[in-house]
Amino acid sequence: MPLALIALALGAFGIGLTEFVIMGLLPEVARDLGVSEAAAGWLISGYALGVVIGALGLTAATTKLPRKPVLLGLLVLFILGNLLTAVAPGYELAMVGRIIAALSHGAYFGIGSVVAASLVAPQKQAGAIAIMFTGLTAANVFGVPFGTFLGQEFGWRAPFWVISGIGVLAFAGIALLVHAPKSNTTQVSLRSELRAFRSGQVWLSLIVTVLAFGGMFGAFTYIAYTLTSVTGFASATVPWLLVLFGAGLVVGNWAGGRLADRSIDGTLIAFIAILTLVLVSFGLLASSQPAVVVILVLMGGFGFGTVPGLQSRIMRYAGGAPTLASGANIGAFNVGNALGAWAGGVGITAGLGYTSPIWVGASFTAVALIFMSVAAVAARRQTVRATEAAPQTLRSQDPEPDLRQDPSSMPVSVHPTHAPLTSQTP
């Protein structure tokens, strides 16, 4: 395994902490900043929207720049944003700090996914992307529970000081270990990158990403309230329950990457379908502590297990210009994050209780399953048409044989048995 993948995963670890640790500290944040529970949840939505802006804007602005310096610059932005969050005296500056840190998130994962995929053979690209995203899963297994504990013991700002230090370590790791590719050797123009969005499959992939992750985060954003107010766990137990969720992420990320290398669409359909069933079970059994323990593991596994497949799928259909499409998909993950957090907050504000975000999430993933099924059917039909058209095209180019010639001198036409890579069924 290339050491560069470890360096990329280290950066992902720090970014994962920034994104997720606040979910276990919303009650402390709300009390300290003097805002409502829903307003505290908007710090998550604000971060997610910052990711979208950075994923599209910064990725587009840096398509022709060497990727290693860009990744280092993004980490500097990440460090500054977390420092501002740690020292913010009020809600407004805390939101600004969250957004600044978020600007680096989408571009980092978008560019990092392209770099990770370029380090391995094509048939192993989903697995390489999964290794980079292991940083996110490690953040949830080890970092988020520790950060939640740290925030409960020393104040919610303490984890953001620690995260800033991790950002410095990630900067050093990228600087020392990431050597290739130093630049876009093909010098793909922004116009070429934008042409990838003419593909209907790219747009279907983005929609599935928004809905699938919106579903998971609709349920997960307010998980601390659900676990304490509905399931009846003590606040001190929440960090350890998040460890279970994180364990599911690790297994799901690994399994999703391995299975997506075999069949992207089949893996995504299966994982999204099971995630929907898990969320429905969560809504029905939220008051049962044993059931919720199992559900947390499954929700993390099947929710995050879609990431390698979704990222690989959009890069495949973007063809030779994957950078901006990859960044857009990272943005789509966080549009889903913001949408799910917002929709879940609406339910809570309306007095529907702390199980309402779970049902919102299940609705989102059910719709995601429909769109993913449509995308898979369309991709299969495209592959069949391309496979049937290829031999016909070659036959039309073959010269008409002269029957008066010696048969041994006649031209022989050899037809491929597979469609081009761009039209294969993932």
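When the letters of the sequence shown are read in order and numbered with my numbering, they come out as residues 1038 to 1463. By construction, the Cβ of each residue, glycine as well, lies at the ideal position given by its N, Cα and C atoms. None of these values were measured; they are calculated from a predicted model.
Of the candidates 1297, 1189, 1110 and 1342, 1342 places its Cα closest to the Cα of residue 1312. In this structure, the straight-line span from the alpha carbon of residue 1199 to that of residue 1285 is close to 24 Å. One Cα belongs to residue 1172, the other to residue 1189, and the distance between them is close to 24 Å. Its Cα nearest to that of residue 1282, the residue 1179 stands out among 1095, 1156 and 1179. Counting only runs that start and end inside the stretch 1217-1298, the alpha helix (DSSP H) elements of at least 4 residues fall at 1227-1232, 1237-1257 and 1275-1297. Inter-residue distance for residue 1170 and residue 1324 is about 32 Å (C-alpha atoms, whole angstroms). For residue 1109, the closest alpha carbon among the candidates 1138, 1145, 1391 and 1242 is that of 1145. For residue 1136, the CB contacts under 6 Å within the same chain, skipping 5 residues up- and downstream, are 1083 and 1087 in chain order.
As for any alpha helix (DSSP H) of minimum length 4 sitting wholly inside the stretch 1337-1365, the runs are 1344-1354, ordered along the chain.
Shown here, residue 1125 sits in coil according to DSSP, grouped into three states, outside any helix or strand. Where residue 1205 is concerned, the enclosing alpha helix (DSSP H) starts and stops at 1195-1214. Excluding residues up to 5 positions away in sequence, 1092, 1093 and 1243 lie with their Cβ nearer than 7 Å to the Cβ of residue 1365 in the same chain.
As the crow flies, the alpha-carbon of residue 1345 is around 36 Å from that of residue 1072. Straight-line spacing of the CA atoms in residue 1351 and residue 1257 works out to 25 Å. Selection 1077, 1303, 1115 and 1404 evaluated against residue 1063 yields 1077 as nearest (Cα-Cα). Taking C-beta atoms as the reference points, residue 1362 and residue 1355 count as a pair closer than 7 Å.
Taking C-alpha positions only, residue 1378 is separated from residue 1298 by approximately 31 Å.
When DSSP states are grouped into helix, strand and coil, residue 1315 belongs to the helix group.
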